[in-house]
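Remarks on the structure that follows.
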Amino acid sequence: MKRIGAFLKSFFLVDMVRGLAVTLRHYFSRKVTVPYPEKVQEPAPRFRGLPRLHRDETGEPLCIACKLCQKSCGTNCFDIEGRKAEGAKLMRPVKFDWKLERCSFCGFCVEVCPTSAIRFSPEFRLTGVRREGLLFHLDDMYLQGEALQEHLCGGCRRQG
Amino acid sequence: MTPFVADVLIPVGKIVAVILYPMVMVVVMIWLERRVVALMQGRLGPNRVGFQGVLQPVADAVKLFFKEDIIQRQADRLLFNISPLLVMASSLLAFCFVPLGEPIRIGTYTLTLWIAESPVGLLIVLGLSSISVFGVIFGGWASNSKYPLMGALRSVVQVLSYEIPTGLTVLTVAFLARSMDLVEIVRRQESSGVWYGFLMPVSFIVFWISAVAETNRAPFDLPEAESELVAGYHTEYSGMKFAYFYMAEYAHMVLVSSLVVILFFGGWLPPFPGVRALDFLDVVPGFVWYLVKIMFFLYLYVWMRATFPRYRFDSLIRLVWKWLIPLAFVNFLVVALVRYLR
Amino acid sequence: MAFNEIELNMGPQHPSTHGVLRLKLAVDNEVVVRVEPVLGYLHRGMEKLWESLTYVQVVPLTDRLDYLASLSNNLAYVLTVEKLAGIEVPRRARYIRIVLAELQRLASHLAWAGFMANDIGAMSVLLYGFEAREEILDLFEAYCGARLTVHGIRIGGVVQDLDAALVSRIRTVLSRIPKRLADIRALLDENRIWKERTVGIGPITAADAIDLGLTGPALRASGVAWDMRKDVPYSSYDEIDFEVPLGRNGDCYDRYLVRLEEICQSIRIVGQALDGLPEGEHMAKVPRALRIPPAEAYHAIEAPKGVLGFTIRSNGTDKPERVKMRSPSFVNLQSLEHMCVGCLFPDVVGILGSLDIVLGEIDK
Amino acid sequence: MPETGAERPELLQALAALSGRVPAGLLEGAVEDGELRVRLGNEALIPALRLLKDEHGFSFFEDMAVFDNLGQAGEGGRRFTVVYRLYMFPGARRARLAVDVGEEESLPSAVPVYRAADWAEREAFDMFGVRFDGHPGLRRIYMPDDFEGHPLRKDFPLAGRTGGV
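Those sequence lines, one after another, are chains A, B, C and D.
Counted the way our numbering counts, the first sequence spans residues 52 to 211.
Counted the way our numbering counts, the second sequence spans residues 4 to 345.
Counted the way our numbering counts, the third sequence spans residues 113 to 476.
Counted the way our numbering counts, the fourth sequence spans residues 1055 to 1219.
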């Protein structure tokens, strides 16, 4: 009896029709793709985007040029020089070169920074056209949003 | 209706229409394919170029138009250039015999919605559609490289072996309608009040499977899908020549769908001609019904492509010689017997 | 090269999405006579690089080995280092590791299902598989911020703790997978074309499989009941109850079924791990500049592709003396020739898909 | 979690059988951490592998690692130590066989015993230059065939040589 059942099933293409039914159901079901430029999917709060330096409320840079991040970075992206202005208690970075092209977003620098001066930002648009755009100097490390995009690819972005 | 208009203007107009009609259908088909497959897979598909991506095919065509047209140095230039035209011409030529709707009476003159009507229209259409096989062979051989040659030979074997079941099932229809004239077949279905597709479902299914195989589509797209290993016959082509092959394939699909509609689903007849209650549907012109049915079959083409995995070459040939041809024979005998007894 | 043999080149830029693998095929009119994989196109010299990094800095690099299962690579390396240094991992961290490793297995198998089906023509399965996989990657993003190279398991524990919101979100994502799996099974399991292309294709007997070093789902499809999580339990897998799916005749179809069954098992495992999540620390106290006295340790885990093992030798400094990786895809690819010889030309793609190899792990 | 040194009867038998079969070649042997650890001379390698595979159930060739002892004195004074790891299936026991080989010397290939050793030996040759006699096709597996030098050796510069391929 099973054999006849199997023959009938195969003759009337039951397995094919079942497949067609699945694709038809997906034809009418909700689509998953997000139309990117119009609608942007917000990254999660812990998202490891582009690392940025931060300042405290008074505008003083948090970074004390302790070079812990430089030591802990596996792909040595950092090149930091610190100097203590006379009368000041803490050192401040004078030179802070950071190469985005070498960064693997492993997060060691963020974990090891004593004053949490460097933190991940939700910025995921990292594309640039000029190689210099991928090298960040001290003041570039504070750029956010459009100014950051400006730096990354030097005005190549289509307006609007 | 001056003779000039009747003898020159209208035929020229019809010829231009017959050439434009497949072109438009090809453009619609390209968009439909990319859109429907995308929607079936949970994605949006092209929706940037023009409204909902309608201009996407135009963008593709323009891109192909400006692409560099490379001809292999050792290629046989004559055959290399002819084969895309051959494939394209045979598909377009076959459209002349495809009746699109009831003849329209304008004053004394009756405008027939087809170019030519001949008592053996069915045979001619089948014959023309297999001429494109020459284009495939010449194209594959002329590009003088081993991948296209293997791809061409494979698709030729596939097309030829699937012509037998097509021929047989088409015979059953001609048998029932007692004529090979496409217009006559539709009229016969109208007078007998039932479509042949419902009368002979086996014929319809066998015809549809072999038609899909003949156009190298869906589960049988061996030569083209094998482009990973054995590139299809149009590997060496680029630019407009490749566009011809590409359009010819879609035109061939539209041709086959219209054949299915005419033979099995009563060309331009409104659904269920026999049922008197549905007569109010007659107000819609025949041409529209014809288009609706064709769109359904084109949709079915794409639907199958999105669903089924690909047959391996030997199982494909085994399928036709072991299953489809015997089935077509048995079906033909049954129809003949029924026809004789009645 | 016999008279009517032709040499065909498949890859290295090959559409079957396995990375940069090149196969030199000798074909005697459609029948495959010889298959010779040519490797090295994605060789980044990982093992040389590891010798100049500290133990902690090596972890993000292990993400890039099997880039479809980065957490499993982390887990394998980290367990070996903990075994070498004798670090005790808190029980909560071990459970979170089980959750992460099994979620990664789900993501890897769902991606594999898409790739294999797409190679044999069923293009929609790729999108259904990826739809389910995206939700898992979103979980990883919510958990520790990255989706593909996750780097979520560290020496001594895991990078973040699992809070209640994340646990309930994991459960909802898991509850949606069976439905998608049913779609894939409806499309493929009984489909005659799929069976035509996979049943009896590329068979390998249990004895040959063991002799050739095949591991993972591909080995279990030949009926060999060997799963590292059961045979040499690690990270408290022995406290979790799950079955090990087995195949019978080790062909492409069985490899396909075994992996789909493993997806169901992984869902069960994550469910149990979440139910029994113990209290406690999610990270042990590990000095950042970890120095390990000279010793050597080997530890292997059941990665989605097979047995993934690390041999680490330390020399007292904070940098490993030598790190050798036993990559499952590398060893599994050795049996490709055994499976392909004698089969037909288009099946090589199907068999390669059923082996589920990743080139990042092969070329190191 | 390293198993404690609990007694492993089957490993002890294997060790005893080994010292019986290849007394000269067996330099060191012990069962520690639930693992059979043996150091062999290179001529005792193949008999030991065959013995463990056929009579003691070590059916699976799990891994082969090569260590460059350029800096410190190698276990046998020679430059390279080749470690074979076998796995007993079913039974989940492991065996570690270490063999020392100098730069110019070569080892008998394990492929006749375990076919899985084929690529492992090719990788060892490519990365360290250890030659294996009797290997079906010993050639480089990752680096291009005309590449000179062996990258994983300690004296090979980390940044590689410019002008390579």
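Beta carbons: idealized from backbone N, C-alpha and C, even for Gly.
In this text, all values refer to a predicted model and were calculated from it rather than measured experimentally.
| Query | Result |
| --- | --- |
| Pull up the distance between the alpha-carbon of A:Thr178 and that of A:Leu185, whole angstroms please. | 9 Å |
| Can you find a C-beta in chain C that's less than 9 Å from the C-beta of D:Arg1169? | yes |
| Can you tell me whether B:Phe275 is helix, strand or coil according to DSSP? | coil |
| According to a CB-to-CB cut-off of less than 9 Å, which residues of the stretch 162–189 of chain C neighbour chain D? | Glu163 and Ser164 |
| Once DSSP output is grouped into helix, strand and coil, what is the label at A:Met52? | coil |
| Hey, would you say the C-beta of A:Phe171 is under 8 Å away from at least one heavy atom of the ligand COA? | The ligand COA is not among the ligands present in this structure, which contains no ligands whatsoever. |
| Could you tell me if D:Glu1158 is buried or exposed, where buried requires 16 or more neighbouring beta carbons within 10 angstroms of its beta carbon? | exposed |
| Does C:Lys476 get closer than 9 Å to chain A when you measure Cβ to Cβ? | no |
| Determine whether the Cβ of C:Glu351 lies closer than 9 Å to any Cβ atom of chain D. | no |
| Specify the secondary structure class of C:Arg245 as computed by DSSP and reduced to three states. | helix |
| Quick one: measure Cβ to Cβ for B:Met28 and B:Val209, integer angstroms, because I've assumed they're closer than 8 Å. | Wrong, their Cβ atoms sit about 25 Å apart, outside the cutoff. |
| Given a cut-off of 9 Å on the beta-carbon distance, is the pair D:Ala1171 and D:Phe1115 in contact? | yes |
| Output yes or no for whether 9 Å exceeds the beta carbon distance between B:Thr175 and B:Phe335. | yes |
| Under 8 Å: do the stretch 285–297 of chain B and the stretch 194–207 of chain B share three or more Cβ pairs, one atom per stretch? | no |
| With a Cβ-Cβ cutoff of 9 Å, do B:Phe332 and B:Leu103 count as a contact? | no |
| Any beta-carbon of chain C closer than 9 Å to the one on B:Arg46? | yes |
| Tell me which same chain residues have a C-beta within less than 7 Å of the C-beta of C:Val285, skipping the five on either side of it? | Glu247, Ile248 and Leu251 |
| How about D:Arg1176 and D:Arg1194: do their beta carbons lie closer than 9 Å? | yes |
| With H, G and I counted as helix, E and B as strand and the rest as coil, what does DSSP make of C:Tyr153? | coil |
| Please name the residue in C:Val311, C:Gly392 and C:His263 whose C-alpha comes closest to that of C:Asp275. | C:Gly392 |
| Can you check whether the CB of C:His263 is closer than 9 Å to the CB of A:Gly158? | yes |
| Scan the stretch 92–176 of chain A and note each continuous beta strand (DSSP E) run of 3 residues or more that stays entirely inside, going in chain order. | 102–104, 129–134, 143–150 and 169–171 |
| Against chain A, with Cβ distances strictly below 9 Å, would C:Arg304 count as a contact? | yes |
| Just to make sure I have the definition right: I need the residues of chain A whose C-beta is within less than 9 Å of the C-beta of C:His394. Which are they? | Those within 9 Å of C:His394 in chain A number zero; the least Cβ separation is about 14 Å. |
| Just curious, the alpha helix (DSSP H) that C:Arg360 is in, first and last residue? | Unbroken run through C:Arg360: none, as it is neither H nor E. |
| Can you tell me which of the three DSSP states B:Ser230 falls into? | With a pLDDT of only 49 at B:Ser230, under 50, the local geometry of the prediction cannot be trusted, and no value is derived from it. |
| In the structure shown, what three-state DSSP assignment does A:Met67 receive? | helix |
| Tell me C:Asn121's beta-bridge partners as DSSP assigns them. | C:Lys136 |
| So which residues of chain C does B:Arg414 contact, with C-beta pairs closer than 8 Å? | Because chain B in this structure spans residues 4 to 345, residue 414 of chain B falls outside the shown range and cannot be described. |
| Near C:Glu214, which residues of its chain fall below 6 Å by C-beta distance, leaving aside the five closest residues on each side in sequence? | Ser378, Ile381 and Val382 |
| Assuming C:Val144 and C:Cys455 make a contact with CB atoms under 8 Å, what is their CB distance in whole Å? | 6 Å |
| Run the CB neighbour count on C:Arg371, radius 10 Å, all protein chains shown included, and call it buried at 16 or more, exposed below. | buried |
| On a CA-only basis, which of D:Phe1182, D:Pro1205, D:Gly1203 and D:Arg1169 is nearest D:Gly1191? Give me that one, please. | D:Arg1169 |
| Given this structure, state the Cα-to-Cα distance separating C:Asp475 from C:Gly152, to the nearest angstrom. | 5 Å |
| Can you list, in chain order, the stretches of the alpha helix (DSSP H) that have 4 or more residues and sit fully within the stretch 1144–1201 of chain D? | 1171–1182 |
| Could you check how far apart the C-beta atoms of B:Asp63 and B:Ser241 are, in whole angstroms? I think they sit under 8 Å. | Not really, about 13 Å apart at Cβ, beyond 8 Å. |
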